[in-house]
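**Q** The numbering of the sequence shown is UniProt numbering, which starts it at 1 and goes up by one.
By construction, the Cβ of each residue, glycine as well, lies at the ideal position given by its N, Cα and C atoms.
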Amino acid sequence: VSTSSESSSEVPATPSEGGEPAAAASLPRPQRPKKCFLHKKPRPHTCAKCRKYAEEMEVFNKSLIEMADPTRRAPSESTRSDEGDAAGVDVDGTGALIVVNEGPMYGLYPTLVQNIRSSDYFKKGLGEVTSVQEVVDEVDRAAEHAEPYNVGALNIPSTLFCCLYKLCTLGPTPGDLRHMLGTRRNPYVVCLGLLYLRCVARPSTLWTWFYPILFETTVFHPEQVTGEVEATEAMTLGRYAELLLLTHKYFTVNLNR
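1. Do you know whose CA, among 236, 209, 127, 168, lies nearest residue 216's CA?
2. Report yes if the CB atom of residue 113 is closer than 8 Å to the CB atom of residue 170, and no otherwise.
3. Could you check where the alpha helix (DSSP H) with residue 161 kicks off and where it finishes?
4. Spell out the partners DSSP gives residue 236 in its beta bridges.
5. At the level of alpha carbons, what is the spacing between residue 116 and residue 126?
6. Take the Cβ of residue 38 as the centre, count every other Cβ of all protein chains shown within 10 Å, and call the residue buried at 16 or more, exposed below.
7. To the nearest angstrom, report how far apart residue 50 and residue 222 are at their CA atoms.
8. How long is the line joining the alpha carbons of residue 140 and residue 180, rounded to whole angstroms?
9. Which residue's Cα is closest to the Cα of residue 178: 168, 163, 197?
10. Using 8 Å as the threshold, is the C-beta distance between residue 148 and residue 119 below it?
11. Between residue 97 and residue 173, how many whole angstroms is the CB-CB distance? I'm expecting something under 8 Å.
12. Going by DSSP in three states, residue 14 sits in which element: helix, strand or coil?
13. Measuring alpha carbon to alpha carbon, tell me which of 57, 48, 47 ends up nearest residue 34.
14. I need the straight-line Cα distance from residue 154 to residue 41, nearest angstrom please.
15. Report all residues from its chain with a CB closer than 6 Å to the CB of residue 106; omit the five preceding and five following residues, and keep chain order.
16. Tell me, please, which residues DSSP counts as bridged to residue 201.
17. Return the CA-CA distance between residue 182 and residue 190, expressed in angstroms with no decimal places.
18. Would you kindly work out how many angstroms separate the C-alpha atoms of residue 233 and residue 124, rounded to a whole number?
19. Considering only the beta carbon of each residue, do residue 244 and residue 194 sit closer than 8 Å?
20. Run through DSSP, which three-state label would residue 49 get?
21. For the alpha helix (DSSP H) holding residue 133, just list the boundary residues, first then last.
22. Under the three-state reduction of DSSP, which class applies to residue 254: helix, strand or coil?
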């Protein structure tokens with residue numbers, strides 16, 4: 001058998017100059033999705049075009065990540081229950097939101113929980129409430145601020161936080177939360193949904209839930225306005241959502257994590 005001293009004509013693939021494998025470097029760059037022409041700031045909860053843009057942007061960003069690092073891939077169907085699906089909803093096999101802070105504290109300050117559970121409003125006013133929609137209706141009807149306690153009333157929790165605790169005991173579905181975050185009739189209903197997520201949801205999913213609200217320009221007063229105070233500092237829902245993500249301190253109490 002004859003042997004040849006010549007080297008093989010085939011040359012192994014080598015990384016490109018930038019360190020990327022040649023196959024990845026040759027991939028065409030994905031085209032950036034077009035924004036909704038109606039809104040300068042995306043409104044995916046209320047506009048179908050903005051919602052489509054948000055979904056396409058998520059695919060676009062994942063494509064850029066894979067181009068930069070081909071070893072990273074989008075989660076498979078078998079792992080999406082842990083990482084959240086393409087819309088960012090963190091669900092388990094039953095379709096319910098996975099919570100990391102369960103009862104009886106639900107991620108709230110223990111003293112606040114004790115005051116809520118012992119309050120007449122929670123025991124009598126919310127005692128017969130058995131559905132998430134009833135809690136939302138109660139916030140829509142009665143909530144006047146987003147503070148944990150009523151101003152001037154020692155250890156008396158606010159309507160919103162009593163309703164928040166009641167909501168925690170009922171366990172809203174992802175659809176319920178989308179409804180709360182999508183409403184613009186009453187900003188305190190949006191606060192209710194954001195606070196629930198901030199207290200019990202997996203931290204890695206918060207950004208996807210909060211992101212659309214960060215662009216919301218609806219102005220409201222989180223603080224209670226009393227007869228002695230003619231006006232408190234107003235803020236947008238977007239700024240309120242941002243502060244919930246960035247800080248642990250919430251008025252006079254600390255939030256978990």
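**A** To lay it out plainly:
1. 236
2. no
3. 159-170
4. Secondary-structure assignment with DSSP links residue 236 through a beta bridge to 219.
5. 11 Å
6. exposed
7. 27 Å
8. Residue 140 and residue 180 have their C-alpha atoms roughly 11 Å apart.
9. 197
10. No; because the gap between Cβ atoms is not below 8 Å, this pair is not in contact.
11. Between residue 173 and residue 97 the Cβ distance is about 7 Å, and since that is below 8 Å, they are a contact.
12. Residue confidence for residue 14 is low, a pLDDT of 44 falling below 50, so the modelled location carries little weight; the figure read from the coordinates is stated next. Here residue 14 sits in coil by DSSP.
13. 57
14. 41 Å
15. 168, 199, 200
16. 99, per the DSSP bridge assignment.
17. Distance between the alpha carbons of residue 182 and residue 190: 7 Å.
18. 33 Å
19. Yes, the Cβ-Cβ distance between residue 244 and residue 194 is below 8 Å.
20. In the structure shown, residue 49 sits in a helix (DSSP, three-state: H, G or I).
21. 132-142
22. For residue 254, the three-state secondary structure derived from DSSP is strand.
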